[in-house]
Amino acid sequence: MDAVEWARVQFGVTAGVHFLFVLVTLGLVTLLVAIEAAWVITGRPGARRALRFWGTLYVINYVVGIASGIVLEFQLGLNWNGISRVAGNVIGAPLAIETLVAFVLESTLLGLWIAGWHRVRPWAHLLLICGVALTAYLSVFWIMVANAYLQNPAGQRIRPDGTAVLTDPGALLTNPALTLALVHVAGAALACGGFLMAGVSAWHLLRHRATAFRATARLGLLTGLGGLYLSFNSGWAQLGPVGAVQPTKYGDEAEKLAAATGFAARFGGQPADYLPPGWIDIPYEIMQFTAFGLGIFVYLLPLLFRDLLLRRRWSLTLLVCAAPLPFVAAICGWLLREVGRAPFAIYGLSPAADAMTPRTPALAAASCLLFTVLVGALGVLNWTLLLRVAGRGLDDPPLGRPADTAAEPTPKALV
Numbered sequence: 001m002d003a004v005e006w007a008r009v010q011f012g013v014t015a016g017v018h019f020l021f022v023l024v025t026l027g028l029v030t031l032l033v034a035i036e037a038a039w040v041i042t043g044r045p046g047a048r049r050a051l052r053f054w055g056t057l058y059v060i061n062y063v064v065g066i067a068s069g070i071v072l073e074f075q076l077g078l079n080w081n082g083i084s085r086v087a088g089n090v091i092g093a094p095l096a097i098e099t100l101v102a103f104v105l106e107s108t109l110l111g112l113w114i115a116g117w118h119r120v121r122p123w124a125h126l127l128l129i130c131g132v133a134l135t136a137y138l139s140v141f142w143i144m145v146a147n148a149y150l151q152n153p154a155g156q157r158i159r160p161d162g163t164a165v166l167t168d169p170g171a172l173l174t175n176p177a178l179t180l181a182l183v184h185v186a187g188a189a190l191a192c193g194g195f196l197m198a199g200v201s202a203w204h205l206l207r208h209r210a211t212a213f214r215a216t217a218r219l220g221l222l223t224g225l226g227g228l229y230l231s232f233n234s235g236w237a238q239l240g241p242v243g244a245v246q247p248t249k250y251g252d253e254a255e256k257l258a259a260a261t262g263f264a265a266r267f268g269g270q271p272a273d274y275l276p277p278g279w280i281d282i283p284y285e286i287m288q289f290t291a292f293g294l295g296i297f298v299y300l301l302p303l304l305f306r307d308l309l310l311r312r313r314w315s316l317t318l319l320v321c322a323a324p325l326p327f328v329a330a331i332c333g334w335l336l337r338e339v340g341r342a343p344f345a346i347y348g349l350s351p352a353a354d355a356m357t358p359r360t361p362a363l364a365a366a367s368c369l370l371f372t373v374l375v376g377a378l379g380v381l382n383w384t385l386l387l388r389v390a391g392r393g394l395d396d397p398p399l400g401r402p403a404d405t406a407a408e409p410t411p412k413a414l415v
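Quick note on numbering: the UniProt record's numbering labels position 288 of the sequence shown as 288, and the sequence is numbered without any gaps.
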């Protein structure tokens, strides 16, 4: 493997692991808003206990996810300075706004939400978590603006020195590679968060734990299926617009050959050098089959009547087994989007070899190994903590623990 291949593997590993954190963050925070709203409206103690339980999982994932995001930023700066040199004037502003939103607004609001237990009124506490959710989605929006530019450079003018300058912010914000992809990612996050909640709740119900988990199992399953619907339909709808701007990814054979031949004439090499690797069809098929497989729960929805679906061991076991599947589909979709633009760092504008920071293959391999171990350790740490805390159930979660634990109400159903 040459230095470019090592750098691409390093980006794939670090960005892929961080994407898992993002999926949990977006999915769970949406569900936290629903649970806290149920608590504020109904005043049921079961909703409050569930909010503390799932909020603890959210905070763990958020904190470790921040660390993985910092690792991702470091490897981007170390390996891909060519992207900032060519497109820094275009994507610099969206990335700066995302940093302000994620590290200033979102983190501040989350800190106030954590510290606000027993200190602010319930409706104010609800507004805080709503603010966390809003800023989380805003953060994803600006990241997707930058990513969409890498997929389809829009709203720019190329200077004689080869650098891009932003001339049309509207075109950047309405990029064909952005709009449907944003819905697709949001749907995937809801599917991941929903099935995660349903799976954990089903696991506790299998062990005859608190029946309050029936409510979160229902909420998680309905949210997961709603997210699956959004993601599935927006994914299919993307094929036309993205294929028009990335013919080497989704075009027919004639379109792929014509585009690759044009790239070879511009950048050198052979047309085959500008086609995505053949194995990219594998994650595409896995993503499709996984989505269809999860769709089986649509036919089981009538069994939610009188909680029949949540009283049978076979259906609860099915929910537990389904929990990781949306994450598998999401990672496969991410691979399709990112690897599908190979060999470009900025599609049609900057090949990866030109965008990479110059270094020897040995140094690139060592960097890849180091960052893989680091981000892998963060991923293992996160999921170990999540599983350990999730396994404890509703027995006095640490988040929002009152000064007098004896006064904590007994959990009941959310609704």
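Cβ coordinates follow ideal geometry from the N, Cα and C atoms, glycine included.
Near residue i, which residues of its chain fall below 8 Å by C-beta distance, leaving aside the five closest residues on each side in sequence?
i	result
Val90	Tyr149, Pro153, Gly155, Gln156, Ala164, Val165, Leu166 and Leu172
Thr410	Caution is warranted here: a pLDDT of 43 is assigned to Thr410, below 50, making its placement in the model unreliable, and no coordinate value can be reported.
Ala93	Leu166
Ala37	Leu126
Thr405	In this prediction, Thr405 has a pLDDT of 48, which is less than 50 and means its spatial position is unreliable; what the coordinates show is noted afterwards. The answer, listed in chain order, is Asp396.
Ala353	Val4 and Pro343
residue 416	Residue 416 is absent from the model: the chain starts at 1 and stops at 415.
Lys412	With a pLDDT of only 42 at Lys412, under the threshold of 50, the placement of this residue in the model should not be trusted; the figure read from the coordinates follows. The residues are Arg44, Pro45, Gly46 and Ala212.
Looking only at DSSP bridge pairs, what is residue i linked to?
i	result
Val165	Arg157
Ser315	Ser315 is not bridged to any residue.
Ile346	Ser350
In chain order, what residues of the same chain have a beta carbon less than 6 Å from the beta carbon of residue i, not counting five sequence neighbours either side?
i	result
Leu399	Arg52, Gly55 and Thr56
Phe195	Gly224, Ala322, Ala323 and Pro326
Phe11	none
His204	Phe213 and Gly393
Leu228	Ala191 and Leu294
Ala407	Residue placement at Ala407 cannot be trusted, given a pLDDT of 45 that sits under 50; what the coordinates show is reported in the next sentence. Correct list: empty, nothing qualifies.
Gly243	Tyr250 and Gly251
Leu221	Ala198
Leu23	Ala189, Cys192 and Ala330
Leu303	Leu309
His18	Ser68, Gly69 and Leu72
Phe371	Gln10, Thr14 and Gln75
Gly348	none
Arg311	none
Looking only at its own chain, which residues have a Cβ that is under 7 Å from the Cβ of residue i, when we skip the five neighbours before and after it?
i	result
Asp2	Pro361
Val40	Pro122, Trp123 and Leu126
Leu112	Leu128
Cys130	Val33
Phe141	Leu182
Val185	Val140 and Met144
Phe232	Ala291
Which whole-angstrom value describes the C-beta separation of residue i and residue j, a residue pair presumed to lie in contact below a C-beta threshold of 8 Å?
i	j	result
Val86	Thr135	No, Val86 and Thr135 are not in contact; Cβ-Cβ is about 29 Å, not under 8 Å.
Ser139	Gly187	With a Cβ gap of about 17 Å, Ser139 and Gly187 do not count as contacting.
Met356	Val4	6 Å
Ala34	Leu219	6 Å
Val245	Ala177	6 Å
residue 433	Leu31	Lying before the first or after the last residue shown, residue 433 is absent from the chain, which here runs from 1 to 415.
Cys332	Trp6	Going by Cβ atoms, the distance from Cys332 to Trp6 rounds to 22 Å, so no, they are not a contact pair.
Ala50	Thr216	6 Å
residue 416	Gly193	Since the first residue shown for the chain is 1 and the last is 415, residue 416 is missing from the structure and cannot be characterised.
Arg363	Pro283	The residue asked about is misnamed: residue 363 is Leu in this sequence, not Arg. About 29 Å; that fails the 8 Å criterion.
Ala345	Trp80	7 Å
One question on the structure: do residue i and residue j come within less than 8 Å of each other, judged by their Cβ atoms?
i	j	result
Pro351	Phe267	yes
Asp273	Pro343	yes
Thr14	Val375	yes
Ala189	Leu319	no
Ala254	Pro271	no
Gln238	Leu316	no
Ala146	Val29	no
Val339	Ile280	yes
Leu20	Gly379	yes
Arg341	Leu206	no
Leu386	Ile60	yes
Pro276	Thr248	yes
Val64	Asn382	yes
Trp236	Gly16	no
At least one CB of chain D closer than 8 Å to the CB of residue i: is that the case?
i	result
Phe21	Annotation note: the requested chain D is absent from the structure, which comprises a single protein chain.
- Query: Can you list the beta strand (DSSP E) stretches of 3 or more residues lying completely in the stretch 93-131, in chain order?
  - Reply: none
- Message: So within the stretch 29-99, which uninterrupted beta strand (DSSP E) runs reach at least 3 residues, ignoring any that extend past its ends?
- Response: none
- Query: Taking the runs of the alpha helix (DSSP H) that are 4 residues or longer, which of them lie wholly in the stretch 282-313?
  - Reply: 296-300
- Message: Which runs of the alpha helix (DSSP H) at least 4 residues long sit entirely within the stretch 180-268? Give them in chain order.
- Response: 212-245, 247-250 and 253-267
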